[in-house]
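Note that the UniProt record's numbering numbers the sequence shown so that position 87 is 87, with each residue one more than the last. Glycine included, each C-beta is placed from N, C-alpha and C at the ideal position. Treat the numbers as computed from the prediction; the structure is a model and nothing was measured.
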Amino acid sequence: MIAQTFNEQQIDRFLNGGLSGYSNDEIPEQYFSIYQAAAKEFNIPWQVLPAVHRVETKFSTMDPMVSPVGAEGHMQFMPCTWHGWTHPTCEDVGAGEIPNAELKNPDRIEMNGGYGVDATGSGTADPWDERDAIFSTANFLAANGADEGDLESALYMYNRSEIYVEDVMAYYDIYIHEGYEIVDENE
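Okay, here's the thing in C-alpha coordinates:
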(Lines of atoms letter the chains of each structure in order from A and count residues from 1; the text may use other names and numbers.)
(Lines give C-alpha, C1' and ligand atoms only; values in the text may rest on other atoms or scores of the structure.)
Protein backbone atom coordinates (compact mmCIF):
# COMPACT_ATOMS: atom_id res chain seq x y z
CA MET A 1 0.00 0.00 0.00
CA ILE A 2 2.86 2.42 0.67
CA ALA A 3 3.98 2.15 -2.96
CA GLN A 4 0.78 3.86 -4.04
CA THR A 5 1.98 7.14 -2.54
CA PHE A 6 5.12 7.23 -4.73
CA ASN A 7 5.43 7.53 -8.47
CA GLU A 8 7.26 4.90 -10.50
CA GLN A 9 10.43 7.00 -10.86
CA GLN A 10 10.65 7.55 -7.10
CA ILE A 11 10.24 3.83 -6.40
CA ASP A 12 12.94 3.02 -8.97
CA ARG A 13 15.31 5.55 -7.37
CA PHE A 14 14.77 4.05 -3.93
CA LEU A 15 15.15 0.44 -5.06
CA ASN A 16 18.20 1.05 -7.25
CA GLY A 17 19.90 3.73 -5.21
CA GLY A 18 19.41 2.48 -1.70
CA LEU A 19 18.69 5.07 0.90
CA SER A 20 20.35 7.89 -1.02
CA GLY A 21 17.20 8.69 -2.97
CA TYR A 22 19.20 8.55 -6.21
CA SER A 23 19.47 5.66 -8.65
CA ASN A 24 22.96 4.25 -9.04
CA ASP A 25 23.56 6.19 -12.27
CA GLU A 26 22.11 9.54 -11.15
CA ILE A 27 24.13 12.66 -10.37
CA PRO A 28 22.45 15.79 -8.98
CA GLU A 29 22.49 18.65 -11.48
CA GLN A 30 23.48 21.24 -8.87
CA TYR A 31 26.94 19.65 -8.48
CA PHE A 32 27.69 18.59 -12.04
CA SER A 33 29.54 21.72 -13.18
CA ILE A 34 31.47 21.83 -9.89
CA TYR A 35 32.71 18.25 -10.35
CA GLN A 36 33.85 19.06 -13.87
CA ALA A 37 35.59 22.32 -12.94
CA ALA A 38 37.38 20.77 -9.95
CA ALA A 39 38.50 17.77 -11.99
CA LYS A 40 39.84 20.03 -14.72
CA GLU A 41 41.69 22.21 -12.19
CA PHE A 42 43.40 19.21 -10.59
CA ASN A 43 43.70 16.93 -13.65
CA ILE A 44 41.65 14.02 -12.35
CA PRO A 45 38.65 12.20 -13.89
CA TRP A 46 35.52 14.13 -12.90
CA GLN A 47 33.54 10.91 -12.38
CA VAL A 48 35.45 10.12 -9.21
CA LEU A 49 34.12 13.26 -7.49
CA PRO A 50 30.40 12.37 -7.59
CA ALA A 51 31.36 8.82 -6.60
CA VAL A 52 33.13 10.12 -3.48
CA HIS A 53 30.34 12.62 -2.76
CA ARG A 54 27.72 9.89 -3.01
CA VAL A 55 29.54 7.52 -0.67
CA GLU A 56 30.53 10.21 1.84
CA THR A 57 27.24 12.11 2.33
CA LYS A 58 24.78 10.76 -0.25
CA PHE A 59 25.22 13.99 -2.23
CA SER A 60 25.01 16.15 0.90
CA THR A 61 21.66 14.73 2.02
CA MET A 62 22.89 13.22 5.30
CA ASP A 63 21.93 15.04 8.45
CA PRO A 64 24.10 15.78 10.27
CA MET A 65 27.12 15.88 7.96
CA VAL A 66 29.52 15.10 10.79
CA SER A 67 30.83 11.57 11.19
CA PRO A 68 31.25 9.82 14.55
CA VAL A 69 35.05 10.35 14.31
CA GLY A 70 34.77 14.04 13.43
CA ALA A 71 34.88 14.21 9.61
CA GLU A 72 32.73 17.11 8.54
CA GLY A 73 31.09 18.86 5.65
CA HIS A 74 29.94 17.86 2.20
CA MET A 75 32.94 15.65 1.43
CA GLN A 76 33.73 14.57 5.02
CA PHE A 77 37.17 16.00 5.70
CA MET A 78 38.87 15.50 9.02
CA PRO A 79 39.79 18.98 10.30
CA CYS A 80 43.52 18.15 10.37
CA THR A 81 43.48 16.91 6.78
CA TRP A 82 41.64 20.06 5.71
CA HIS A 83 43.87 22.46 7.65
CA GLY A 84 47.15 20.52 7.78
CA TRP A 85 48.59 18.11 10.30
CA THR A 86 51.16 20.51 11.74
CA HIS A 87 48.53 22.10 13.98
CA PRO A 88 49.44 21.26 17.61
CA THR A 89 46.06 19.58 18.28
CA CYS A 90 46.33 17.20 15.31
CA GLU A 91 46.88 13.61 16.37
CA ASP A 92 45.21 10.21 16.16
CA VAL A 93 42.48 10.32 13.46
CA GLY A 94 42.77 14.08 12.93
CA ALA A 95 39.74 15.58 14.63
CA GLY A 96 41.88 18.42 16.02
CA GLU A 97 40.68 21.38 18.05
CA ILE A 98 41.28 23.99 15.35
CA PRO A 99 39.48 27.32 15.77
CA ASN A 100 37.09 27.95 12.88
CA ALA A 101 38.85 31.09 11.64
CA GLU A 102 42.15 29.21 11.50
CA LEU A 103 40.61 26.07 9.98
CA LYS A 104 39.23 28.07 7.05
CA ASN A 105 42.20 30.40 6.49
CA PRO A 106 43.73 29.59 3.06
CA ASP A 107 47.14 31.01 4.04
CA ARG A 108 47.28 28.88 7.19
CA ILE A 109 46.07 25.84 5.25
CA GLU A 110 48.85 26.26 2.69
CA MET A 111 51.44 26.89 5.41
CA ASN A 112 50.37 23.72 7.26
CA GLY A 113 50.17 21.49 4.18
CA GLY A 114 46.39 21.06 4.27
CA TYR A 115 44.10 20.33 1.36
CA GLY A 116 41.35 22.92 1.91
CA VAL A 117 40.72 25.10 -1.15
CA ASP A 118 38.96 28.45 -1.44
CA ALA A 119 37.23 27.62 -4.74
CA THR A 120 34.65 30.38 -4.36
CA GLY A 121 37.14 33.20 -3.95
CA SER A 122 35.48 34.24 -0.69
CA GLY A 123 38.73 34.42 1.26
CA THR A 124 37.92 31.28 3.24
CA ALA A 125 38.24 27.57 2.50
CA ASP A 126 35.14 26.07 4.07
CA PRO A 127 34.39 22.32 4.29
CA TRP A 128 30.72 23.32 4.63
CA ASP A 129 30.75 25.11 1.27
CA GLU A 130 29.93 22.66 -1.53
CA ARG A 131 32.33 24.18 -4.07
CA ASP A 132 35.22 24.50 -1.61
CA ALA A 133 34.69 20.93 -0.38
CA ILE A 134 34.54 19.38 -3.87
CA PHE A 135 37.62 21.29 -5.07
CA SER A 136 39.42 20.27 -1.88
CA THR A 137 38.61 16.63 -2.54
CA ALA A 138 40.01 16.97 -6.06
CA ASN A 139 43.11 18.61 -4.57
CA PHE A 140 43.57 15.77 -2.08
CA LEU A 141 43.04 13.03 -4.66
CA ALA A 142 45.43 14.64 -7.15
CA ALA A 143 48.11 15.11 -4.49
CA ASN A 144 47.80 11.42 -3.65
CA GLY A 145 48.15 10.04 -7.18
CA ALA A 146 44.77 10.39 -8.90
CA ASP A 147 46.24 12.92 -11.33
CA GLU A 148 48.62 10.17 -12.47
CA GLY A 149 45.86 7.57 -12.80
CA ASP A 150 46.23 5.89 -9.42
CA LEU A 151 42.66 6.41 -8.24
CA GLU A 152 42.49 3.46 -5.89
CA SER A 153 45.57 4.48 -3.89
CA ALA A 154 44.33 8.08 -3.70
CA LEU A 155 40.92 6.90 -2.50
CA TYR A 156 42.53 4.67 0.08
CA MET A 157 44.46 7.67 1.40
CA TYR A 158 41.18 9.63 1.54
CA ASN A 159 39.42 7.16 3.84
CA ARG A 160 41.89 4.38 4.79
CA SER A 161 39.43 1.60 4.00
CA GLU A 162 39.49 -1.01 1.24
CA ILE A 163 35.69 -1.30 1.46
CA TYR A 164 35.43 2.46 0.93
CA VAL A 165 37.66 2.22 -2.16
CA GLU A 166 35.47 -0.59 -3.54
CA ASP A 167 32.28 1.40 -2.90
CA VAL A 168 33.59 4.57 -4.58
CA MET A 169 35.07 2.63 -7.50
CA ALA A 170 31.75 0.85 -8.05
CA TYR A 171 29.98 4.19 -8.64
CA TYR A 172 32.94 5.52 -10.63
CA ASP A 173 32.73 2.45 -12.89
CA ILE A 174 28.98 2.94 -13.36
CA TYR A 175 29.52 6.57 -14.41
CA ILE A 176 32.38 5.60 -16.77
CA HIS A 177 31.06 2.37 -18.30
CA GLU A 178 27.28 2.44 -17.97
CA GLY A 179 26.69 6.17 -18.20
CA TYR A 180 24.97 8.59 -15.90
CA GLU A 181 21.85 10.71 -15.71
CA ILE A 182 21.89 14.29 -14.49
CA VAL A 183 18.83 14.85 -12.31
CA ASP A 184 17.22 17.85 -10.70
CA GLU A 185 16.96 17.14 -6.97
CA ASN A 186 13.47 18.66 -6.93
CA GLU A 187 12.01 16.10 -9.31
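Using a C-beta cut-off of 8 Å, the stretch 124 to 134 makes contact with the stretch 105 to 113, since at least three inter-stretch Cβ pairs fall below that distance.
With a 10 Å radius around the Cβ and a threshold of 16 neighbouring Cβ atoms, residue 97 comes out exposed. For the stretch 124 to 172, the full-length alpha helix (DSSP H) segments reaching 4 residues or more read 130 to 143, 151 to 159 along the chain. The residues 57, 72, 73, 74, in chain order, have a CB closer than 7 Å to that of residue 65 in the same chain once the five nearest residues on each side in sequence are set aside. Considering only 99, 77, 30, 47, the residue with the shortest C-alpha distance to residue 160 is 77. If you draw a 10 Å sphere on the C-beta of residue 87, you find 16 or more other C-beta atoms in it, and that means buried.
Residue 102 carries a helical assignment under DSSP once its states are collapsed to helix, strand and coil. Taking 8 Å as the cut-off, the beta carbon of residue 21 is found closer than this to the beta carbon of residue 61. Per the Cβ contact rule, the stretch 22 to 37 is not in contact with the stretch 149 to 156 (fewer than 3 Cβ pairs under 8 Å).
The beta carbon of residue 54 lies closer than 6 Å to those of 171 in the same chain, with the five residues before and after it left out. At least 8 Å separates the beta-carbon of residue 135 from that of residue 51. Rounded to whole angstroms, residue 42 and residue 177 show a C-alpha spacing of 22 Å. Judged by their CB atoms, residue 27 and residue 138 are not nearer to each other than the 8 Å cut-off.
Shown here, residue 27 sits in a strand according to DSSP, grouped into three states.
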